[in-house]
Amino acid sequence: MASLLQVDRVQYVFDVDTQDSQSLSRLYFCIYCLGLRSSHNLLHEDDSHFCPQALDSLASAEAVSRKNKCSNSWRCPACLHTLSTRATSTISPPTTDSNKPTVKTVYYQSCTFCRWSTRSVGIDDKEVANDAWMEKENPSLPRINKLLEYYKYLEHKEKVEQARKSPIKKELMSVTMQLKQKYTSSKHSPGKKSMFGDSLSGALSSLRLKDVSSLKDVSIDASSTLALDDVEKLNTDVYKPVQFTAMTSTAQRLDQPGNQIIECSDLAPRRSQMFMKQSLRCKICDHNIIKPEYSPTSIKFKIHLIALNHIPDIRISKPSTLRAGERCQFVLSITNPTEHVIHATFLPMEETKHEINAKIELPTCDIVVGKFDDAAEFVDQLTSTNNTDDASIIAFRRGNKVGFYVHCTPDPALSPGDNVWVGMRFKHEHYGSAPLALLLKGGEVEKEPEPNWLTHSVFINLGKIQSSLE
Numbered sequence: 001m002a003s004l005l006q007v008d009r010v011q012y013v014f015d016v017d018t019q020d021s022q023s024l025s026r027l028y029f030c031i032y033c034l035g036l037r038s039s040h041n042l043l044h045e046d047d048s049h050f051c052p053q054a055l056d057s058l059a060s061a062e063a064v065s066r067k068n069k070c071s072n073s074w075r076c077p078a079c080l081h082t083l084s085t086r087a088t089s090t091i092s093p094p095t096t097d098s099n100k101p102t103v104k105t106v107y108y109q110s111c112t113f114c115r116w117s118t119r120s121v122g123i124d125d126k127e128v129a130n131d132a133w134m135e136k137e138n139p140s141l142p143r144i145n146k147l148l149e150y151y152k153y154l155e156h157k158e159k160v161e162q163a164r165k166s167p168i169k170k171e172l173m174s175v176t177m178q179l180k181q182k183y184t185s186s187k188h189s190p191g192k193k194s195m196f197g198d199s200l201s202g203a204l205s206s207l208r209l210k211d212v213s214s215l216k217d218v219s220i221d222a223s224s225t226l227a228l229d230d231v232e233k234l235n236t237d238v239y240k241p242v243q244f245t246a247m248t249s250t251a252q253r254l255d256q257p258g259n260q261i262i263e264c265s266d267l268a269p270r271r272s273q274m275f276m277k278q279s280l281r282c283k284i285c286d287h288n289i290i291k292p293e294y295s296p297t298s299i300k301f302k303i304h305l306i307a308l309n310h311i312p313d314i315r316i317s318k319p320s321t322l323r324a325g326e327r328c329q330f331v332l333s334i335t336n337p338t339e340h341v342i343h344a345t346f347l348p349m350e351e352t353k354h355e356i357n358a359k360i361e362l363p364t365c366d367i368v369v370g371k372f373d374d375a376a377e378f379v380d381q382l383t384s385t386n387n388t389d390d391a392s393i394i395a396f397r398r399g400n401k402v403g404f405y406v407h408c409t410p411d412p413a414l415s416p417g418d419n420v421w422v423g424m425r426f427k428h429e430h431y432g433s434a435p436l437a438l439l440l441k442g443g444e445v446e447k448e449p450e451p452n453w454l455t456h457s458v459f460i461n462l463g464k465i466q467s468s469l470e
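Take 1 as the starting number for the sequence shown in full-length UniProt numbering and just add one per residue.
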């Protein structure tokens, strides 16, 4: 269980300078730079926005205009789950044209998780299923739009004033006027045409900022702000006993920050937030490491270079009892995810910034790890042995997974409850991402490519120090 559930106990170093480390399941591997990468060291690019409920896909610019909300999917304001549209039949009373009552279909929204519905808060049913529901608007929205317009006006005004005071801007404008007089038509010679047409003139004129006098003067209405004397007095209803069943929770209020609904009777459906598909790009070689499919219905990736598919995974297979100053034995396992047989060489850790409080004894010989086979899980390999393996080093061998013995001696100064950290480096081959299809050409097997030798630094948390009484 320690090797499957506690993946953070074995951490790989992905930055040599700072020696930052993470578990292999959270790292990526760049096949062009041949190095481990973390999500913090990659460029995040937004590909598309999509709604997993309605399967709508939008471009980034369109998603911003819609405030990153889906127009066909709604969310429950009580439990934040997705609402479903229900249809029901109602009988309308007879009218002057027809004396018989008519039956028509109406729609309402209901939550299948908490049984909340639009009928429970008094929202009228709609005669159309789609595009009939309206989201509750923020009462302060006109005030917010006016403030945004005012701050944009101030921003442009400051840019114009800084451009006038800047000497670089004056030199640029003088060069711009010289180019305009030389290559564009003159006012005194209307028959003379520009050498480059009107495109250069338009491009040069676009370099200028708008004058402050030409801008629309935007002001803020001070009467919209309440003074202290205009604040209404508290109503006597606030001193009544609070009914917690009729009050909204903190999560429900934070879900609608613009309205801050207090009573449950005022809850209204909310549009579902759209998710984002991102591409991750290496900062060093500028190649894509993660590239998902554009379609919202697809969960596949065009490029998916996670480290687990390229780098051998080291786990703790069999723990042991740790006591300060006593030598103990562990069983570590190494798994080969590639389609080539690799040789792993373990080396001692050099100078490191990480806190290491134990000495580790590593195998002195290379460990051969078999290649990954898709059909290996259907073959009984639990009893497979290799007579050439040293029993003092190899604990077990199961397909592309090999277990080996290591010995550890914690520092005598450690007290019970302290974590024991050890460090090591291991070296292995890497044949690149060329699968068997690149090795076969015209039915003839080509020469196997030369491997690249990679070295990784690994920190392992072996566990906590136990007392002598345990």
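C-beta atoms are modelled at their ideal positions from N, C-alpha and C, and glycine is treated no differently.
Going by C-alpha positions, Y153 is about 28 Å away from N259. Contact check for M274 and L58: beta-carbon distance about 7 Å, within the 8 Å limit, so the pair qualifies. Between A78 and Y107, the CB-CB gap reaches or exceeds 7 Å. In this structure, V369 lies near V402, with their beta-carbon atoms less than 7 Å apart.
If you check the CB distance, Y28 and L305 come in under 7 Å. Inter-residue distance for N41 and I262 is about 43 Å (C-alpha atoms, whole angstroms). Take the alpha-carbon of Q329 and the one of F396: they are about 15 Å apart. Residue pairing of P292 in beta bridges, as defined by DSSP: F301.
Taking C-beta separations shorter than 7 Å and ignoring five residues to either side along the sequence, the partners of F346 in its chain run L362, P363, M424 and F426, following chain order.
Residue pairing by DSSP places I261 opposite no residue, since no beta bridge is assigned to it. Ranked by Cα distance from Y32, the first of P269, H430, S333 and I460 is H430. Look at the beta carbons and you see the segment 317-327 touching the segment 404-419: at least three pairs across the two are nearer than 8 Å.
Put simply, the backbone Cα of I393 is about 13 Å away from that of A344. Under the three-state reduction of DSSP, Q162 is assigned to helix.
The beta-bridge partner set that DSSP reports for M424 consists of P348 and V458.
The three-state reading of DSSP puts L254 in helix, counting H, G and I together. Annotated three-state conformation of S65 is helix, per DSSP.
W453 is classed as exposed because its beta carbon has fewer than 16 other beta carbons within 10 Å across all chains shown. In this structure A63 is in contact with H49, their Cβ atoms being roughly 4 Å apart against a cut-off of 8 Å.
Between P337 and F372, the C-beta spacing is below 7 Å.
Just measuring C-alpha positions, the residue of I367, K353 and D389 sitting nearest V16 is K353. Between S265 and V121, the beta carbon gap of about 6 Å places them in contact (Cβ cut-off 8 Å). Taken in chain order, the complete beta strand (DSSP E) segments of 3 or more residues contained in the segment 77-131 are 84-92 and 102-110. Around the C-beta of S467, fewer than 16 other C-beta atoms lie within 10 Å, and the residue is accordingly described as exposed. L83 is not a Cβ neighbour of P296, given a cutoff of 7 Å.
Y239 and N419 have their C-alpha atoms some 55 Å from each other.
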